[in-house]
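2 protein chains.
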Amino acid sequence: MLQLSKKVEYGLIALRHMAMKPIGHVFTAKELANEYDMPYELLAKVLQKLVKGGVIRSLQGVKGGYSLAKRPEELPVSFVIRVIDESKPMVTECYTDGPDSCYLFGNCTIRRPLGKLQRNLNVLFDKMTVQEII
Amino acid sequence: MLQLSKKVEYGLIALRHMAMKPIGHVFTAKELANEYDMPYELLAKVLQKLVKGGVIRSLQGVKGGYSLAKRPEELPVSFVIRVIDESKPMVTECYTDGPDSCYLFGNCTIRRPLGKLQRNLNVLFDKMTVQEII
DNA sequence: TAATCTTGGACTCTCTGGGTCGTATTTATG
DNA sequence: CATAAATACGACCCAGAGAGTCCAAGATTA
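In order, the protein sequence lines correspond to chains A and B.
Here the first sequence is numbered in our numbering, starting from 120 and rising by one per residue.
Here the second sequence is numbered in our numbering, starting from 120 and rising by one per residue.
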């Protein structure tokens with residue numbers, strides 16, 4: 120269906136929220152989840168992935184939470200997707216596992232032509248930053 | 120995961136194959152399925168949808184089969200997707216059921232910004248035609 | 001030491017994409 | 001007219017992934 124996952128949506132909503140206050144401001148997962156009616160546990164997972172990807176920083180313990188680690192204008196949506204879903208937005212699975220991974224092997228005739236579409240898609244998601252969704 | 124469905128892939132492969140011979144040429148589903156190792160029954164379903172969508176024509180009975188109903192250069196990939204999957208390539212489900220269908224209602228803050236991405240995506244899939252995947 | 005966070009694994013549940021099967025219908029041809 | 005070769009179409013199954021939940025463990029501050 121060619122859709123963004125809920126996780127990515129939640130992640131973008133959270134990042135947008137964070138990007139609207141000065142960098143370094145700390146938000147808790149609960150706070151973010153309540154504000155937008157997102158399932159708390161799931162959002163927590165998403166935020167943890169964003170931490171591992173270096174998008175945000177985390178502080179544990181009381182008074183802990185998450186804060187932006189990158190400036191929103193330097194944070195492309197494509198990067199957020201890759202970190203959360205562990206994959207780029209792909210038109211066909213041919214391109215997920217490197218070259219020559221097509222399940223049709225020699226018979227796949229649309230692989231190359233779709234490559235162009237793929238590149239254009241990448242540009243689209245690379246260009247748009249978190250800053251732009253504010 | 121933002122991927123094209125197998126059905127669409129099969130459809131594009133079949134359409135590309137048909138587009139390489141002069142228009143009006145008749146191909147059977149079995150013929151197409153064998154050529155590219157696609158599951159016959161599934162491809163048949165796809166071809167039937169393409170018939171209903173006016174993309175190809177069908178002839179029943181012996182010596183029957185399918186033939187292109189449109190010139191490949193006038194057949195955008197977006198149209199093929201819509202016919203087969205019964206939906207446009209959507210970035211978020213917000214846009215599938217008209218306006219104000221967001222599951223977050225008033226709290227969804229990324230709906231509008233992603234609209235831009237959506238439009239760019241539409242342009243991409245509208246521009247590319249079956250002719251271009253040959 | 002207690003309260004409040006994040007971390008992270010395990011688990012369930014539902015939906016849909018992918019695929020299969022069976023049968024009815026159409027039609028050319030011997 | 002009978003048969004074979006097509007499409008047409010509905011019903012069904014199955015595995016996997018996406019979405020969501022639960023719980024225990026570790027960190028930190030007050």
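Glycine included, C-beta positions come from ideal geometry on N, C-alpha and C.
- Taking 7 Å as the threshold, the shortest C-beta distance from residue 161 of chain B to chain A does not fall below it.
- Per DSSP, reduced to three states, the secondary structure at residue 197 of chain B is helical.
- Setting aside the 5 residues that flank it on each side, residue 155 of chain A is surrounded in the same chain by 132, each with a C-beta closer than 6 Å to its C-beta; the list follows chain order.
- Secondary structure of residue 184 of chain A (DSSP, three-state): strand.
- When DSSP states are grouped into helix, strand and coil, residue 190 of chain A belongs to the coil group.
- Residue contact check for residue 139 of chain B against chain A: no CB pair falls below 7 Å.
- If the five residues before and after residue 194 of chain B are omitted, its C-beta is found closer than 6 Å to the C-beta atoms of 248, 249, all from its own chain and listed in chain order.
- Distances from the CA of residue 166 of chain B to each of B:135, B:198, B:197, B:203 were compared; the closest alpha carbon is that of B:203.
- Taking a Cβ-Cβ threshold of 7 Å, the residues of chain A close to residue 251 of chain B are 232, in chain order.
- Apart from sequence neighbours up to five positions away, the residues of its chain that approach residue 246 of chain B with a beta-carbon distance below 8 Å are 195, ordered along the chain.
- Neighbours of residue 248 of chain A across chain B, judged by C-beta separation under 9 Å, do not exist; the nearest C-beta is about 10 Å away.
- Between residue 197 of chain A and residue 241 of chain A, the beta carbon gap of about 7 Å places them in contact (Cβ cut-off 8 Å).
- In the DSSP assignment, residue 206 of chain B forms no beta bridge with any residue.
- Between residue 175 of chain A and residue 187 of chain A, the C-beta spacing is below 7 Å.
- With fewer than 16 other beta carbons inside 10 angstroms of its own, residue 179 of chain A counts as exposed.
- Looking at the DSSP output, residue 175 of chain B sits in a beta bridge with B:187.
- Nearest neighbour of residue 123 of chain A by Cα position, chosen from A:236, A:206, A:229, turns out to be A:206.
- Nearest to residue 169 of chain A by alpha-carbon distance, out of A:232, A:129, A:251, is A:129.
- In summary, the residues of the stretch 195-208 of chain A whose CB is separated from some CB of chain B by less than 9 Å are 196, 200, 204, 206, 207, 208, in the order they occur in the chain.
- Taking 8 Å as the upper bound for CB-CB distance, residue 121 of chain B and residue 137 of chain A are not in contact here, some 24 Å apart.
- Along the stretch 173-198 of chain A, going in chain order, the ones with a CB nearer than 8 Å to a CB of chain B are 196.
- The alpha-carbon separation between residue 251 of chain B and residue 232 of chain A amounts to approximately 7 Å.
- Following the DSSP letters along the chain, one finds residue 240 of chain B inside the alpha helix (DSSP H) bounded by residues 230-246.
- Within the same chain, Cβ atoms closer than 7 Å to the Cβ of residue 159 of chain A are found at 148, 149, 152, the five residues on either side in sequence being excluded.
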